[in-house]
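Participant: Sequential numbering from 2 applies to the sequence shown in the working numbering.
Ideal placement from N, C-alpha and C gives every residue a C-beta, glycine not left out.
Quick caveat, the model's predicted, so the values are computed rather than measured.
This is the structure, below, for whatever I ask next.
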Amino acid sequence: MSFTLNTAKVANGPRMAVQKVAKTVAAGVVAVGLSAGAANAAAIVKLGGDDGSLAFVPNKITVAAGEAIEFINNAGFPHNIVFDEDEVPAGVDADAISYDEYLNGKGQTVVRKLSTAGTYGVYCEPHAGAGMKMTITVQ
């Protein structure tokens with residue numbers, strides 16, 4: 002299954018609204034589709050606590066290189082997964098492994114596999130100021 006999004010700039014109006022909706026739906030489908038292969042994820046990280054807290058749960062995990070980490074939005078808040086460029090192993094492109102788009106709905110997921118051993122600092126961009134950060138150790 003593949004999706005093609007037309008991102009050409011157009012005047013504001015109904016066409017722009019349709020494009021925004023199409024992009025949002027496609028991003029949601031891609032995020033949900035990514036989770037299908039994560040049934041055997043080595044770690045599952047909730048974005049948002051069961052108590053409504055703005056936190057990664059758990060906020061520290063350890064995985065082997067190449068193992069799947071499934072991030073699941075546990076709340077109705079928009080969350081994303083940003084790897085801090087100053088807190089990743091040397092040579093790792095933090096932008097390439099980050100998921101900057103927002104997971105807006107409860108249950109939306111995204112999977113990441115990290116192949117370089119070391120410690121990774123991760124945060125949720127809209128909630129970093131509230132302390133929504135975590136550490137991933139890859140062995």
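Please report how far the alpha carbon of residue 86 lies from the alpha carbon of residue 73, in whole angstroms.
Facilitator: One C-alpha to the other measures close to 22 Å.
Participant: Taking residue 115 and residue 137 to be in contact with their CB atoms under 8 Å, please state how far apart those CB atoms are, rounded to whole angstroms.
Facilitator: Their Cβ separation, rounded to whole angstroms, is 7 Å, which keeps residue 115 and residue 137 in contact under 8 Å.
Participant: Can you tell me whether residue 92 is helix, strand or coil according to DSSP?
Facilitator: Residue state, collapsed to three classes: coil.
Participant: Once DSSP output is grouped into helix, strand and coil, what is the label at residue 86?
Facilitator: Residue state, collapsed to three classes: coil.
Participant: Run through DSSP, which three-state label would residue 130 get?
Facilitator: Here residue 130 sits in helix by DSSP.
Participant: Can you have a look at residue 17 and say buried or exposed, based on whether 16 or more other CB atoms are within 10 angstroms of its CB?
Facilitator: At residue 17, the pLDDT of 44 sits below 50, so the modelled position is not reliable and the matter cannot be decided from this model.
Participant: Considering only residues of the same chain and omitting the five flanking positions on each side of residue 101, which have a CB-CB separation below 8 Å?
Facilitator: Hits under 8 Å: 81, 83, 126.
Participant: Give me the residue from 48, 53, 66 with the minimum Cα distance to residue 60.
Facilitator: The shortest C-alpha separation from residue 60 is found at 48.
Participant: Between the Cα of residue 119 and the Cα atoms of 113, 69, 110, 93, which residue gives the shortest distance?
Facilitator: Among 113, 69, 110, 93, the Cα nearest to that of residue 119 belongs to 93.
Participant: So is residue 63 buried or exposed if we call it buried at 16+ other beta carbons inside 10 Å?
Facilitator: Under this definition residue 63 is an exposed residue.
Participant: Leaving out the 5 sequence neighbours to the left and right, which residues in its chain are closer than 6 Å to residue 68 when beta-carbon positions are compared?
Facilitator: Counting only Cβ-Cβ distances below 6 Å, and skipping sequence neighbours, we find 43.
Participant: Please list the segments of the beta strand (DSSP E) lying wholly inside the segment 46-73, counting only runs of 3 or more residues, in order along the chain.
Facilitator: Runs found: 61-64.
Participant: Checking 8 Å against the spacing of the C-beta atoms, do residue 78 and residue 135 come in under that value?
Facilitator: Result no, Cβ atoms of residue 78 and residue 135 do not sit closer than 8 Å.
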